[in-house]
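These notes concern the structure reproduced below.
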Amino acid sequence: MATLGNPSNTIAVLQKYKFNFQKKFGQNFLIDTRVLDKIISAADITKEDFVLEIGPGIGTMTQYLCEHAKRVAAVEIDKNLIPILEDTLSSYNNVEIIHQDILKMDMERFVQEQNPGNPIKVVANLPYYITTPIIMGLFESHADIHSITIMVQKEVAQRMQAVPGTKDYGALSLAVQYYAKPEIVANVPPNCFMPRPNVGSAVIRLIKYQEPPVSVNDEGQLFALIRASFNQRRKTLVNGLNNASNISYGKDEIVRALEEMGLPANVRGEALTLEQFAQLSNQLR
Ligand code: SAM
């Protein structure tokens, strides 16, 4: 099977199998080898690595991963792509094709079974409609993951990497930065995909922390506070938290906690760092 990652070989495979793109699965296949090279080098894949690829499509990036990694597991939801993958990956004996919805997999168990005692690397050109649930699902599963290198919508990558006080800073920035150190490694224009998406894309690498960078007594409360603060972006933090149905602290308690942290009562959520949100959560408790 010829190497994919260019328009003519991709079209040949699609025609051979009379494949129809399914919009509902966010299918935009990569057709640019330079982007593939960048992803592989950003993910720092070596012959020691077990790689989980989410959504292999027709196997374009999977071929690259098989060349560079020790072993690859490729999880694809679309049953019509399974026979294609068996064909395009037939010359590799270090790949397992898994027909599954990634959101329904028990990640912690999967990693323990597949690569006991060692962290895995996740690499994916993600279906954009479920980017956040996939990433948060991977982090919250507590599976042993070294890093996640993924293609996402450009705006989403910017939000993940954003710092306090900027327009992109929000609940997603804080959630991602609680678990990992983000770095955008490439911007990718729509003409690198078939069919072309309507949005720009970016590759972002998330290197997972062994331990979160802040210590909190109650993770659930920390994330509830963060979500409530950004639900009503234009309100002050105190009003945002006071209006949230799942936060039971009164205005006075919140103002007192902020004062103890040296913050004014009219501060907005977007001004607080992750460390300050953690401090606030611990103070309130
Ligand atoms: N990796 C391929 C490439 O770069 O050319 C395809 C990327 S395409 C943006 C996203 C892929 O994810 C599609 O193959 C789609 O069918 C698959 N997909 C969508 N939802 C999924 C899910 N819940 N679980 C696993 N795969 C999924």
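Under this note's numbering, the residues of the sequence shown are numbered 99 to 383, in order.
We put the beta carbon where it would ideally sit given N, CA and C, even for glycine.
Values in this document were obtained by computation on a predicted structure and should not be read as measured data.
Alpha-carbon spacing of residue i relative to residue j, whole angstroms
i: F148; j: A363; result: 49 Å
i: K136; j: D316; result: 38 Å
i: A284; j: V301; result: 5 Å
i: G318; j: T186; result: 44 Å
i: P225; j: E351; result: 42 Å
i: V261; j: A376; result: 16 Å
i: G360; j: R354; result: 10 Å
i: K177; j: P154; result: 12 Å
i: V209; j: V365; result: 42 Å
i: R303; j: P280; result: 6 Å
i: H240; j: H166; result: 26 Å
i: Q256; j: Q161; result: 29 Å
i: A110; j: H197; result: 23 Å
i: N104; j: R132; result: 10 Å
i: L236; j: N216; result: 16 Å
i: Y277; j: R207; result: 19 Å
i: N223; j: P214; result: 25 Å
i: N337; j: K306; result: 33 Å
Any non-hydrogen atom of ligand 1 closer than 6 Å to residue i Cβ
i: P225; result: yes
i: L128; result: yes
i: I248; result: no
i: G391; result: The structure shown does not extend to residue 391, since the chain is modelled only from 99 to 383, so the question has no answer here.
i: G155; result: yes
i: D199; result: yes
i: M234; result: no
i: V173; result: yes
i: T158; result: yes
i: D242; result: no
i: D204; result: no
i: D176; result: yes
Nearest residue (CA-CA) to residue i, options the options
i: Q251; options: Y277, V297, V261, P262; result: V297
i: T101; options: S139, N126, Q125, M159; result: M159
i: R294; options: S106, L201, G124, Q113; result: G124
i: E309; options: I243, K168, L378; result: I243
i: L323; options: L339, K333, T371, S343; result: L339
i: S346; options: L179, S379, R332, A369; result: S379
i: E194; options: V111, Y307, L112, C164; result: C164
i: N344; options: E151, R331, A326, K279; result: A326
i: K122; options: E238, I228, Y277; result: I228
i: E253; options: I246, T230, I156, F237; result: T230
i: I200; options: G263, I233, I109; result: I233
i: R332; options: E368, P287, V133; result: E368
i: P287; options: L150, A278, V314, S299; result: S299
i: I129; options: L112, S139, A140; result: L112
i: E151; options: V314, N329, V312, I246; result: I246
Assumed close pair residue i, residue j - CB separation to whole angstroms, cut-off 8 Å
i: M249; j: V274; result: Their Cβ separation, rounded to whole angstroms, is 15 Å, which puts M249 and V274 out of contact at 8 Å.
i: V173; j: M203; result: 7 Å
i: K168; j: N192; result: 7 Å
i: G126; j: F291; result: In the sequence as displayed, the identity of residue 126 is Asn instead of Gly. Contact holds; Cβ gap of about 4 Å.
i: L272; j: L382; result: Wrong, their Cβ atoms sit about 16 Å apart, outside the cutoff.
Touch check for the region 263 to 272 and the region 180 to 200: three-plus C-beta pairs under 8 Å?
no
Pairs of beta-carbons, one from the region 114 to 123 and one from the region 137 to 147, closer than 8 Å: are there three or more?
no
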